[in-house]
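As structure tokens, the structure follows; a few thoughts come after it.
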């Protein structure tokens with residue numbers, strides 16, 4: 005074989021390798037793209053797995069407030085859906101949610117009571133029932 009024929013054959017061979025590689029990569033990319041990234045342990049795809057949501061009772065709030073040294077005059081049930089209200093000794097009236105995490109609500113209350121003052125005024129009402137606390141002076 006002539007040198008020119010060998011060069012042409014090599015160029016054709018390399019081009020064929022590149023084309024085959026591109027086709028294989030495209031095929032693999034297309035197939036892996038359709039594979040879900042998360043595996044479901046549930047075979048019935050119509051059900052949705054939700055985290056367990058504990059409904060808090062008054063005892064939870066009493067215990068957690070006692071653990072955090074937050075002293076209160078009373079805690080009472082406001083309504084079935086709304087939650088509880090508590091009057092902090094020498095402090096604000098606080099509304100708690102039954103459906104939100106009690107630990108987070110007590111931590112938020114502790115932070116607000118210790119750090120929040122505006123023009124040397126303490127909060128009068130703190131509402132922790134929503135995702136962001138509402139503070140009234």
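Numbering (this note's numbering), first residue to last: 5 to 141.
For each residue, glycine too, the CB sits at the ideal point set by N, CA and C.
A quick note: this is a predicted structure, and the numbers were derived from the prediction, not measured.
The beta strand (DSSP E) enclosing residue i, as first and last residue numbers
i: residue 80; result: 76-83
i: residue 89; result: 87-92
i: residue 100; result: 97-100
Assigned exposure category for residue i - 16 Cβ within 10 Å defines buried
i: residue 102; result: buried
i: residue 24; result: exposed
i: residue 21; result: exposed
i: residue 90; result: buried
i: residue 124; result: exposed
i: residue 19; result: exposed
i: residue 55; result: Reliability fails at residue 55, whose pLDDT of 48 lies under 50, so the model's placement of it is uncertain and the value that follows must be treated cautiously. The residue is exposed, with fewer than 16 neighbouring Cβ atoms inside 10 Å.
The alpha helix (DSSP H) enclosing residue i, as first and last residue numbers
i: residue 113; result: 106-119
i: residue 62; result: 62-71
Inter-residue CB distance, residue i and residue j (contact presumed, cutoff 8 angstroms)
i: residue 62; j: residue 79; result: 5 angstroms
i: residue 82; j: residue 76; result: The pair is not a contact, with the Cβ atoms about 15 angstroms apart (cut-off 8 angstroms).
Proximity test, residue i beta-carbon vs the ligand NAD heavy atom, cut-off 7 angstroms
i: residue 113; result: The model on display carries no ligand, and the ligand NAD is accordingly not part of it.
If we count Cβ pairs, one from each stretch, closer than 8 angstroms, do we get three or more for the segment 129-140 versus the segment 97-114? yes
Could you say if the segment 57-73 and the segment 103-112 meet the contact criterion of at least three C-beta pairs nearer than 8 angstroms? yes
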